[in-house]
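Residue numbers (the numbering used here): 7 to 789.
This report concerns only the one structure given below.
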């Protein structure tokens, strides 16, 4: 393990470049390819050992047969698919094949914490468990946007919003890598559905790509510099992402400054030389066919040496960092301590979406009726590569008994087992329910927003007993609630990991005050989802018809009321917002302002509030969504305590992507800053002027209509001078002639020819257009 560090420091092999210069084409091919299923290649003559990676966005998934079972750590596809296709409900069968690890709350749960400090702690704990197992890189976090609640891997991802996604993932990456363990930010990019995921073409317009689907990756890459980024399986606008030079080089490396390794998703590369040419460094797992492709391309000169060597240097830098991190003594992991932290994380991530006083269970309660199979066998995680073998699992009834020691707890599997008399003697009914979960997960999307078979009917039957009903839901993403008006409380847990039952007991008993808020919108029905009409695509093409209006933006744009809004979540205390101030009334693209307000806990209990900052702006050339999250903070307050919350916002945070110019811009506009408890719960607002970094007129082309040319003073001036010279008239006469052309639907030059009965040569038109756009460029540079 120390040899590569020594090799990289010795005079004859002092740099990765010098090592690569001595490598044969075969050695370069091996370096840029997996060694078996989960390892990189070792090179004895250079003293370079293998490194190990494994899955785990919320827990370390260590397959003993695949990693330890043979020299290559397992390389056949059947073993890989067995892991991928394993359902969370079948996880117990793998106890002898997997090393137990803490199953922390899944991504869709942790996203509701809105807590970057908590996410960094999650990363630290994951990194420590990796170190203890000898793992050099954890394949996560996964941060694809939750565009539809049906997406099979939604349980791994944080949010429908790129700002939440980016900031939370950056914190996780920072935490993991602080332990000397690498991360692989995935899946880059636009793997937002599991349907035909290895071939589906995600067709997305440029603004939506930059502002929504790539933005979270951009935030995480710039803030935390993950050691690797994993390319996704799908195509993006017709190009396989693992072979997309625009995505992997132009955007990731050139625009964002990423200097790490691009690794493929497992068997995600179809043309190995094309992948390396595009910027894909490491091909995982080992594939004899793809290695032969690469070796041939290197030996034949199809791939330039400089390109191959650059990828090899990046790989050696990665290996060096991985082995340097492993130099420190492996930490001793105390499973119960990590379990306790998983419980605390779960409690801070669950969302109380409705409460008419049924929760917490009152101190005077004598009997609580608990109904549902999930109160015996909780659903703690999703299915697929992320599935973790937990070190232990909290039993719901045991946790409730410990949290409510003076209460008579009675459990029944379903509503049929409840007699009216039993329900009438209870102070409250706790209904534990979940989605079906047998077929959704990695590889397949959900087909419905409904709970598992019979569970909606069970809840409806319980509400008819006259006893208050509190529903506790385990789910990967949003679910429908046809019974919502009849129940008294709803606690949405998502998949909260191995300590889920303890976390629920903490919230139900009132030992912990709920503070989670939804990081996705819950629709009233599936047809309300903004992208529903074009989901899941057809004939291998999935058109993202909602554009930039994803999630809460789409509900606002269409004036559709959700079941529960993005950012919504209740507490057992109350918070008051006041005294909003903005440090400057105007913001330019490169400016920073501070938005501050006072937050007060006006209730009787300590609690935490997630405050959200939104921008409201319409746009001119570039139309915006009606509301857009631009900042957030989670603030802990004692009863009666007030605190000044300050959120810093840059002009670039408020910018939109200009496809015509390929850059982030601000248009001149009077906008509003909103401070909110949820996207539909605005507490404070203030005006903010946006200073332009772009002119309010589009660039001119030969066929641009007069209505889009003549209001532009730069264009009008150039054309007026051209006409005055060309027709030997005064500028004033040329101006009047242009007014005569204003209502034409033809292009500007065709209109001038028809209305003024003149002939304009192609070169004259080219010169005029060039002069107009040059004048606009100069004016824009001065903004």
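Where a beta carbon is used, it is the ideal one built from N, C-alpha and C, also for glycine.
Contact between the stretch 590-598 and the stretch 374-392 is not established, with fewer than three Cβ pairs separated by less than 8 Å. Here residue 660 is buried. Its C-beta has 16 or more other C-beta atoms within 10 Å. Annotated as proximal: residue 112 and residue 501, with beta-carbon spacing under 8 Å. Contact between the stretch 614-633 and the stretch 681-698 is present: three or more C-beta pairs spanning the two stretches fall below 8 Å. Counted as a single uninterrupted DSSP element, the stretch harbouring residue 539 is not any beta strand (DSSP E), since DSSP gives it neither H nor E. Residue 213 is positioned such that its CB atom lies no closer than 8 Å to that of residue 251. For residue 654, DSSP records a beta bridge to 600. Here the alpha carbon of residue 623 sits roughly 41 Å from the alpha carbon of residue 131. Per the C-alpha coordinates, the member of 598, 318, 431 and 533 positioned closest to residue 652 is 598. Take the alpha-carbon of residue 736 and the one of residue 779: they are about 24 Å apart. By a beta-carbon distance limit of 8 Å, residue 461 does not contact residue 386. Their separation comes to about 17 Å. Restricting attention to 632, 725 and 160, the CA atom closest to the CA of residue 152 is found in 160.
The C-alpha of residue 49 lies about 19 Å from the C-alpha of residue 267. Out of 241, 764, 148 and 746, the CA that lies nearest to the CA of residue 549 is found in 241. For residue 660, no alpha helix (DSSP H) encloses it, and the DSSP letter there is neither H nor E.
By alpha-carbon distance to residue 774, the top candidate from 729, 156 and 639 is 729. Residue environment: residue 769 is assigned as exposed (fewer than 16 neighbouring CB atoms within 10 Å of its CB, all protein chains considered). Judged by their CB atoms, residue 41 and residue 292 are nearer to each other than the 8 Å cut-off. Cβ contact annotation for residue 211 (same chain, cutoff 7 Å, sequence separation greater than five): 553, in chain order. Separation of the CB atoms of residue 296 and residue 278 is rounded to 4 Å, and the pair is thereby assigned contact status at 8 Å. In this model, residue 408 and residue 399 are separated by some 15 Å (Cα to Cα). A straight line joining the alpha-carbon of residue 182 with that of residue 58 spans about 15 Å. Here the C-alpha atom of residue 540 lies approximately 44 Å from the C-alpha atom of residue 746. At a Cβ-Cβ threshold of 8 Å, residue 195 and residue 253 count as neighbours.
Counting the other Cβ atoms within 10 Å of the Cβ of residue 203 gives 16 or more, which makes it buried. Partner residues in the beta bridge of residue 670, as assigned by DSSP, are 663.
Where residue 190 is concerned, the enclosing beta strand (DSSP E) starts and stops at 188-194. Rounded to whole angstroms, the separation of the alpha carbons of residue 189 and residue 706 is 46 Å. DSSP places residue 618 outside any alpha helix (DSSP H); the residue lies instead in the beta strand (DSSP E), whose first and last residues are 613-622. The three-state secondary structure of residue 371, taken from DSSP, is coil. Annotation for residue 464: the continuous alpha helix (DSSP H) segment containing it runs 461-469.
Considering only 699, 676 and 700, the residue with the shortest C-alpha distance to residue 693 is 676. Taken through DSSP and simplified to helix, strand or coil, residue 224 comes out as helix. Contact check for residue 514 against residue 365 passes: the beta carbons are separated by less than 8 Å. When the alpha-carbon of residue 762 is set against those of 201, 726, 571 and 418, the nearest one is in 726.
Bounds of the beta strand (DSSP E) holding residue 144 are 143-145.
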